[in-house]
Amino acid sequence: MKALAHMMLVLGSLFGGGMAWASPITAELSTDRVEISTGFTGASVLVFGATQNPLGGDPPEDLIVVATGPTQGVVVRRKINVLGIWLNGPSTRFPEVPGFYALTATRRVWEILPEDERRQYRLGFDNLRLRSEGNRNPAFRAALLELKQADARWQEYAAPVSRAGERLFSARIAFPATVQTGDYQIEVLLARENRVIARQELSLRVERVGTAADIASLARGQPLLYGVLCIVLAALAGWLGSVLFRRN
Amino acid sequence: MQVYLPIAEMSVDALLLLGIGFGVGWLSGLFGVGGGFLLTPLLMLIGIPSAVAVASAANQTLGASISGLIAQWRRGNVDWRMGLTLFAGGLLGSALGVQIFALLKRWGQVDVAVSLFYVVILGIVGALMVRESVTALLRRRRGAAPRRKLHEHTWLHGLPYKMRFRDSRLYISVIPPLAIGFGIGILSAIMGVGGGFMLVPAMIYILGMPTAIVIGTSLFQVVFVSANVTLLQAWQVGSVDIVLTMLLLAGGVAGAQFGAAMGTKLRGEETRALLGLLVLSVAFGLAWNLLQTPSRAFTLSPIS
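Those protein sequences? They're chains A and B, same order as listed.
For the first sequence, our numbering begins at 1 and goes up steadily by one.
For the second sequence, our numbering begins at 1001 and goes up steadily by one.
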């Protein structure tokens, strides 16, 4: 409800401004914070806004929304069979890959922009810069893409950019329950005649709140104290259980 | 009902965790084993990262075993002196085990090595237990007098530093219990378990302790070794998830009491046969996973 009110306010100010458009595109997020509390099961954030010119006019204008999460390092290992047992065999390290990546657009990006533009703005899995160390076999890169998509951390066209009227647009970005904490960038691009004519960058913070945040920060900041607490809590729970559930 | 685990950084079904906790706790009370050897593979199976699964299972084993230990202690089934001797060896062994674990991690083979350890150890222990208890059951059925010697003297009884363990009715050297504690300490650090399932047969067959005392005393050792593992894991690895532990425990403490009550109704041979079968089936399940063609040829893991 709060998000909706906020959206109305933003849209109101867009149109209240009449013809005085500062930029060919104005976009906003339904929230700038995703809070991970104890009951967190994933979150969905709405990117919405308006364009100066009607979308899909002549020449057609297209919108592209890209969300990128904090970078992380990952290792992809191939399983090999040694004497009937499956072991971890050759591996490739990808020291800097986006922990989260979601792309959506009014059309497929390769229909909107030429390759060099797509590469510059990192549009699409093919254009992500995935520096690798170790085994050079392209199968490892393909496996990385497959595994990242399997747990919804990387998405392409998962939800469409929907339009309302001629100028309004919105797109949903779904964060899975396993989303990393940190700062996320959401880029909204407006393209016309094979090039990007306007872009707006929005940011979003994913953070733990409440009990989940307290536990995580204690575990990180005071690991020895946390360890002692874990022992005491488990022992107390065990003792309490033996009192509550005594069967004689 | 989904709940977010702050250290594992994922959300899982709370009811599933409660159910797993109850089942494992029930077995813990019934057999006097911590249940870590079931819990760790189960948690990994539902997608908990292996480091968190190992550490939180150790923490849960501590809590679940405490309620079992209290239940056994009320019945006077704990030999404190033997427990402390085993634990002294266990402390040293788990310290060495952590080093071995770190080495395996550097080689990128932790998952396979842990599974292999499980298959080999559980396979041997389970087979021995089933064989022994089936023989005992058959002998009883045939009605032949079980001509068991009160004391079977082996080279173990020639070792120095003898000590009297009155509750176990033993007068033996401290070296065998120390060595058993040490060996199980190493294995428990690598496999992320309290080690009760190995300790119970070792106490019966190697030390010759009476079955009634064995369960309570092994729980004593399991409680202290798992406390040590919890502390080391929280301190050095940061992988103990207290929310996960508590959910498992909530189910576990209830299950342990039911299990302990039922355990008193079972004969020693039957308890051992059932535990042996359970241990063997886990070993077969893990062996199957190692031999089966994986559903995905590649795995993805974060660089730590």
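Glycine residues also receive a C-beta, built at the ideal position from the N, C-alpha and C atoms.
Notebook entry, point to check: Quick one: Cα of residue 105/A to Cα of residue 55/A, how far?
Noted result: Approximately 12 Å between the Cα atoms of the pair.
Check: Under 9 Å between C-beta atoms, does residue 1004/B make it to chain A?
Finding: With 9 Å as the cut-off, residue 1004/B counts as an interface residue toward chain A.
Next item on the list: Report the rounded CA-to-CA distance for residue 1192/B versus residue 1217/B, giving the unit in angstroms.
Entry: When the Cα atoms are used, residue 1192/B and residue 1217/B turn out to be separated by approximately 20 Å.
Margin query: I'd like to know whether the C-beta atoms of residue 204/A and residue 48/A end up nearer to each other than 9 Å.
Written below: Against a cut-off of 9 Å, the Cβ pair of residue 48/A and residue 204/A comes out as no contact.
Notebook entry, point to check: Helix, strand or coil for residue 226/A per DSSP?
Noted result: Looking at residue 226/A - three-state DSSP - the assignment turns out to be helix.
Notebook entry, point to check: Mind checking whether residue 144/A and residue 98/A have CB atoms under 9 Å apart?
Noted result: In this structure, residue 98/A does not lie closer than 9 Å to residue 144/A by Cβ.
Margin query: If the criterion is Cβ atoms closer than 9 Å, does the pair residue 1194/B and residue 1214/B meet it?
Written below: No, Cβ-Cβ distance for residue 1194/B and residue 1214/B is not below 9 Å.
Note to self: Using CA atoms only, rank isn't needed, just tell me which of 141/A, 216/A, 103/A is closest to residue 161/A.
What the structure shows: Residue nearest to residue 161/A within the set 141/A, 216/A, 103/A is 103/A (criterion: CA-CA distance).
Item checked: Residue from 1025/B, 1053/B, 1002/B whose Cα sits closest to the Cα of residue 1189/B -> For residue 1189/B, the closest alpha carbon among the candidates 1025/B, 1053/B, 1002/B is that of 1053/B.
Notebook entry, point to check: From residue 1284/B to residue 1123/B, what distance separates their C-alpha atoms?
Noted result: In a straight line, the C-alpha of residue 1284/B is about 8 Å away from that of residue 1123/B.
Check: With a cut-off of 9 Å, does the C-beta of residue 180/A fall near any C-beta of chain B?
Finding: So, interface residue.
Note to self: Which residue wins for smallest C-alpha separation from residue 1011/B, given the options 1277/B, 1043/B, 1039/B?
What the structure shows: Measuring from the Cα of residue 1011/B, the nearest candidate turns out to be 1043/B.
Check: Is the Cβ-Cβ distance between residue 1079/B and residue 1173/B less than 9 Å?
Finding: Not closer than 9 Å, so no.
Checklist line | Residues that residue 1163/B bridges to, as DSSP identifies them | finding: Paired residue(s): 1172/B.
Checklist line | Residues bridged to residue 1010/B (per DSSP) | finding: Residue 1010/B is bridged to 1005/B.
Item checked: Inter-residue spacing [alpha-carbon to alpha-carbon] between residue 59/A and residue 200/A -> Distance between the alpha carbons of residue 59/A and residue 200/A: 21 Å.
Notebook entry, point to check: With distances taken from CA atoms, which of 1133/B, 1227/B, 1088/B is nearest residue 1062/B?
Noted result: Minimum Cα distance to residue 1062/B is reached at 1227/B.
Check: Helix, strand or coil for residue 1090/B per DSSP?
Finding: Taken through DSSP and simplified to helix, strand or coil, residue 1090/B comes out as helix.
Checklist line | For residue 1107/B, the first and last residue of its enclosing beta strand (DSSP E) | finding: Run containing residue 1107/B: none; DSSP gives neither H nor E here.
Check: When we look at the beta-carbon of residue 1077/B and count the other beta-carbons within 10 Å, is it buried (16 or more) or exposed?
Finding: Residue 1077/B is buried by the Cβ-count criterion.
Notebook entry, point to check: Can you check whether the CB of residue 1049/B is closer than 9 Å to the CB of residue 1239/B?
Noted result: Contact flag set, yes.
Next item on the list: Please determine, among 45/A, 32/A, 51/A, the residue with the shortest C-alpha to C-alpha distance to residue 26/A.
Entry: Per the Cα distances, 51/A.
Note to self: If you follow the beta strand (DSSP E) that residue 61/A is in, where does it begin and where does it stop?
What the structure shows: Secondary structure note for residue 61/A: its beta strand (DSSP E) is the uninterrupted segment 61 to 68.
Notebook entry, point to check: Is residue 64/A buried or exposed, if buried means 16 or more other CB atoms sit within 10 Å of its CB?
Noted result: So residue 64/A ends up on the buried side.
Check: With 16 as the cutoff for other CB atoms within 10 Å, does residue 1130/B come out buried or exposed?
Finding: Burial check for residue 1130/B: the Cβ neighbour count within 10 Å reaches 16 or more, so the residue is buried.
Margin query: Mapping the DSSP letters down to three states, classify residue 58/A as helix, strand or coil.
Written below: In the structure shown, residue 58/A adopts coil according to DSSP, grouped into three states.
Notebook entry, point to check: Just checking my contact of residue 238/A with residue 1249/B at CB under 8 Å: how many whole Å lie between their CB atoms?
Noted result: Contact between residue 238/A and residue 1249/B is confirmed by a C-beta separation of about 7 Å, below the 8 Å threshold.
Next item on the list: For the alpha helix (DSSP H) containing residue 1059/B, list its first residue and its last residue.
Entry: That run of the alpha helix (DSSP H) goes 1050 to 1074.
Note to self: Tell me the rounded alpha-carbon separation between residue 93/A and residue 1290/B.
What the structure shows: If you take the alpha carbons of residue 93/A and residue 1290/B, they lie about 24 Å apart.
Next item on the list: Could you check the C-alpha separation between residue 196/A and residue 190/A for me, to the nearest Å?
Entry: Distance between the alpha carbons of residue 196/A and residue 190/A is about 6 Å.
Check: How is the alpha helix (DSSP H) around residue 111/A delimited, first residue to last?
Finding: Per DSSP, residue 111/A is one residue of the alpha helix (DSSP H) stretching across 109 to 112.
Next item on the list: Run down chain A in chain order and give the residues with a C-beta less than 9 Å from the C-beta of residue 1303/B.
Entry: Residues of chain A whose Cβ lies closer than 9 Å to the Cβ of residue 1303/B are, in chain order, 72, 73, 74, 75, 93, 94, 95.
Item checked: Contact list for residue 1238/B against chain A, beta-carbon separation under 7 Å -> The answer, in chain order, is 219, 220, 223.
Checklist line | Cβ-based neighbour list, residue 1016/B, same chain, cut-off 8 Å, excluding 5 preceding and 5 following | finding: The answer, listed in chain order, is 1046.
Check: Can you list, in chain order, the residues of its chain whose CB lies under 7 Å from that of residue 21/A, leaving out five sequence neighbours each side?
Finding: Bear in mind that the predicted position of residue 21/A carries a pLDDT of just 48, short of 50, making it too unreliable to give a figure here.
Margin query: Taking 8 Å as the limit between beta carbons, can you name the residues of its chain near residue 79/A, skipping five residues before and five after?
Written below: These residues qualify, in order along the chain: 86, 87, 88, 89.
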